[in-house]
Every structure is written in C-alpha cells, then in structure tokens.
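Here is the structure we will look at, set down as structure tokens.
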Amino acid sequence: MIVTQEYLEVETEALTLVKNIMESKIGIDYCLAKVTLKEDTVAQQKIQAFNKAKSAFEAIEAYGKYAPDYKELNREVRRLKREMDTDESVYRYRLLETDLQTILDEISLTLAKAVSDTIKVPAGNPFFTTGKSGCGSGGSCGCG
Numbered sequence: 658m659i660v661t662q663e664y665l666e667v668e669t670e671a672l673t674l675v676k677n678i679m680e681s682k683i684g685i686d687y688c689l690a691k692v693t694l695k696e697d698t699v700a701q702q703k704i705q706a707f708n709k710a711k712s713a714f715e716a717i718e719a720y721g722k723y724a725p726d727y728k729e730l731n732r733e734v735r736r737l738k739r740e741m742d743t744d745e746s747v748y749r750y751r752l753l754e755t756d757l758q759t760i761l762d763e764i765s766l767t768l769a770k771a772v773s774d775t776i777k778v779p780a781g782n783p784f785f786t787t788g789k790s791g792c793g794s795g796g797s798c799g800c801g
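For the sequence shown, position 43 (counting from the first letter as 1) is numbered 700 according to the working numbering, and the numbering increases by one without interruption.
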C-alpha cells in the first residue's frame with residue numbers, strides 16, 4: 658500500500674476519534690472499571706476459580722453424560738460463573754464494556770454507511786439491530 662497524504666489525514670482523524678472516545682465519560686468510566694476489576698483480589702479469585710473449573714469441564718465435555726462427574730462439573734461451572742457474574746466489579750466492568758461496544762458498533766455502522774449501504778458491519782453485540790450483517794439480513798447476498 659502506498660502511503661499518501663490522504664491516507665495520513667484519515668489515520669490522523671481515526672486517532673483523534675479514538676482519543677475522543679477514550680476521553681469521553683464512557684471511556685473514562687470503562688478504564689476505571691477495568692483497573693478496579695484488575696485490582697479487586699476477590700473478583701480475580703472468582704475469575705480464576707471459574708476459569709479453572711471451566712477448563713476441567715471442557716476436558717470432559719466431549720464425552721457428555723458418559724464422562725465421570727459430568728453433571729457435577731457442569732453444575733460447578735455454572736455456580737462459579739453465577740458467582741463471578743454477580744460480583745460488583747465484574748458486573749460494572751461488563752456493563753461499561755457493553756456500553757462502549759455499542760458506541761463502537763454505532764460508529765462502525767456510520768462509517769460503513771457513509772461508504773455504501775451494502776457493506777456488512779459485524780457488531781460485537783448480537784442484539785445490535787441497526788446494522789446489516791451476514792446472510793438473512795438483506796445484505797448484498799440478496800437472501801433476506
């Protein structure tokens with residue numbers, strides 16, 4: 658790719674957009690929640706316990722009900738996930754992460770539509786309905 662003045666201007670504008678997002682209330686709140694979660698030892702212990710149980714379950718999951726302790730491990734993973742998800746630091750972080758992702762999805766959609774209505778925009782949120790993405794959405798494949 659040949660770097661042109663126009664390319665540099667677009668890159669500068671993109672970096673400005675990123676800076677503005679990160680300096681916005683949602684950007685600042687997200688960063689603070691991320692740091693808070695990282696420093697919360699109780700939340701980190703819950704995350705580690707969940708990840709350990711999940712790995713143990715994934716090792717036997719392919720065998721289904723025939724694996725020893727399948728039901729018990731499955732219940733334990735679900736219990737630890739619920740415990741992790743209800744932790745205040747984890748909950749706040751995920752809530753702000755979803756809010757920030759929604760903003761990024763909207764920006765992506767706006768940029769894509771400025772170029773063409775047929776550009777597919779994958780959204781990080783499966784419930785993000787303002788964009789067209791994939792088969793069945795009425796995009797360029799024509800199947801919707």
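C-beta: ideal position from N, C-alpha, C; glycine also.
- Scanning the stretch 703–787 for uninterrupted alpha helix (DSSP H) segments of 4 residues or longer gives 727–742 and 745–772, listed from N- to C-terminal end.
- For Thr673, the enclosing alpha helix (DSSP H) starts and ends at Gln662 to Glu680.
- Under the 10 Å beta carbon count, Lys676 is surrounded by fewer than 16 other beta carbons and is classified as exposed.
- When C-alpha distances from Glu740 are compared across Lys703, Leu672, Gln662 and Cys688, the shortest belongs to Lys703.
- If you check the CB distance, Ser746 and Ala710 do not come in under 8 Å.
- In the structure shown, Asp697 adopts coil according to DSSP, grouped into three states.
- Setting aside the 5 residues that flank it on each side, Lys738 is surrounded in the same chain by Phe707, each with a C-beta closer than 7 Å to its C-beta; the list follows chain order.
- Sequence-distant partners of Thr693 (beyond 5 residues in either direction) whose C-beta falls short of 7 Å from its own C-beta, in its chain, are Ser746.
- Taking one beta carbon from each stretch, the stretch 708–728 and the stretch 667–684 have fewer than 3 pairs nearer than 8 Å; the two do not touch.
- The Cβ neighbour count for Tyr687, taken over all protein chains shown within 10 Å, is at least 16; the residue is labelled buried.
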